[in-house]
Amino acid sequence: QKEVEQNSGPLSVPEGAIASLNCTYSDRGSQSFFWYRQYSGKSPELIMSIYSNGDKEDGRFTAQLNKASQYVSLLIRDSQPSDSATYLCAVNFFGNEKLTFGTGTRLTIIP
Amino acid sequence: ETGVTQSPTHLIKTRGQQVTLRCSSQSGHNTVSWYQQALGQGPQFIFQYYREEENGRGNFPPRFSGLQFPNYSSELNVNALELDDSALYLCASSVTIVDEQYFGPGTRLTVT
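Read top to bottom, the protein sequences are chains G and Z.
For our numbering, add 5 to where a residue sits in the first sequence, where the first one is 1.
For our numbering, add 435 to where a residue sits in the second sequence, where the first one is 1.
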């Protein structure tokens with residue numbers, strides 16, 4: 006069974022701090038990984054994609070991938086109240102090009 | 436470049452009815468995927484179309500069907516609606532089947 010797991014939260018982080026969101030997946034044949042942000046009542050918005058081991062930075066966001074540990078994370082630096090949302094981890098498993106999503110982590114930034 | 440659009444925004448149907456949801460992909464995006472998202476859950480893959488051919492299907496019954504047209508538009512049809520079909524329906528487009536997928540705003544379907 007190919008699965009993507011996330012802590013549902015809620016995760017509360019003070020404004021200005023680093024928010025750390027984690028995701029594990031069950032299959033070693035995964036080839037691409039994505040983080041989406043979803044505000045309540047809205048559709049998912051792509052934040053980051055990562056394809057190889059290591060870190061990828063884009064502004065205040067850093068995605069980290071460790072394929073050996075089957076682990077992908079998203080760090081949000083200098084967290085802002087506008088970052089309060091549900092963050093969805095999605096994995097594209099090799100040979101099965103659909104995206105498999107986790108259930109999402111609800112993040113709240115406390116002013 | 437326009438983004439992904441979906442219509443209608445909201446829809447209320449009665450159990451047993453049929454519904455058609457529509458999506459317009461970004462120009463140049465040959466792949467469209469449809470997802471169902473229940474409240475508090477991540478999106479669940481329904482099916483994917485690449486250049487007007489079905490490229491994969493999730494664990495949904497045959498009463499969920501789709502089409503993709505040459506003009507980057509697509510549709511999701513659901514027959515014999517059930518109460519559990521109430522959800523947010525999302526389409527996502529990408530250049531190829533392995534590229535980043537960009538979601539439309541979704542259609543909120545309520546079945547009563």
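Every residue, glycine too, gets a C-beta built ideally from N, C-alpha and C.
- Collapsed DSSP secondary structure at D121 (chain G) in the structure displayed: Summary: the structure shown does not reach residue 121 (chain G), with chain G confined to residues 6 through 116, and so no result is reported for it.
- Can you tell which of G:D83, G:T110, G:T67, G:V77 has its C-alpha closest to the C-alpha of D32 (chain G)? Along the first sequence, one-based indexing puts residue 32 (chain G) at 27. Nearest option by C-alpha distance: G:V77.
- Query: From the DSSP output, which residues share a beta bridge with N465 (chain Z)?
  - Reply: Within the second sequence, numbered from 1, the residue matching residue 465 (chain Z) stands at position 30. Answer by DSSP bridge pairing: none, since N465 (chain Z) is not bridged.
- Task: Check the DSSP bridge columns for K448 (chain Z) and list the partner residues they point to.
- Result: Here residue 448 (chain Z) corresponds to residue number 13 of the second sequence, with the count starting at 1. Paired residues: Z:V546.
- How about N12 (chain G): is its C-beta nearer than 8 Å to some C-beta of chain Z? Indexing the first sequence from 1 puts residue 12 (chain G) at position 7. Chain Z contact via Cβ: absent.
- Task: From the DSSP output, in three-state form, read off L511 (chain Z) for me.
- Result: In the second sequence, the residue the question calls residue 511 (chain Z) occupies position 76. DSSP places L511 (chain Z) in strand when its eight states are reduced to three.
- Anticipated Cβ contact below 8 Å, E10 (chain G) with G107 (chain G), distance rounded: Taking the first residue of the first sequence as 1, we reach residue 10 (chain G) at position 5. Taking the first residue of the first sequence as 1, we reach residue 107 (chain G) at position 102. That pair is a contact at about 6 Å.
- Under 8 Å Cβ-Cβ, which residues of chain G neighbour E535 (chain Z)? Reading the second sequence from its first residue, position 100 is the one you call residue 535 (chain Z). Those are F39, L51, S54, listed as they occur along chain G.
- Terminal residues of the continuous beta strand (DSSP E) containing L525 (chain Z)? For this step, residue 525 (chain Z) is matched to residue 90 along the second sequence. Start and end: 522-529.
- Starting from the beta carbon of F499 (chain Z), find every residue of chain G whose beta carbon is closer than 9 Å, and list them in chain order. Residue mapping note: residue 499 (chain Z) aligns to position 64 of the second sequence, counting from 1. Within chain G, no residue comes near F499 (chain Z); the closest Cβ sits about 14 Å away, beyond 9 Å.
- Using 7 Å as the cut-off, classify the Cβ of S17 (chain G) as near or not near the heavy atoms of the ligand HEM, replying yes or no. In the structure shown, the ligand HEM is absent, as is every other ligand, since no ligand is present at all.
- Item | Beta-carbon neighbours of G109 (chain G), restricted to chain Z and to distances below 7 Å | Walking along the first sequence from the start, residue 109 (chain G) turns up at place 104. Result: G477.
- Query: Going by the beta-carbon positions, is the gap between K448 (chain Z) and L518 (chain Z) smaller than 8 Å?
  - Reply: Residue 448 (chain Z) sits at position 13 when you count from the first residue of the second sequence. Residue 518 (chain Z) sits at position 83 when you count from the first residue of the second sequence. Contact: no.
- Query: Just curious, the beta strand (DSSP E) that T491 (chain Z) is in, first and last residue?
  - Reply: Counting from 1 along the second sequence, the entry for residue 491 (chain Z) is found at position 56. A quick correction: the sequence has Gly, not Thr, at residue 491 (chain Z). Run containing G491 (chain Z): 488-492, per the beta strand (DSSP E) assignment.
- Hey, does L93 (chain G) have any beta-carbon neighbour from chain Z nearer than 8 Å? The sequence position of residue 93 (chain G) within the first sequence is 88, counting from 1. It does; some Cβ of chain Z falls within 8 Å.
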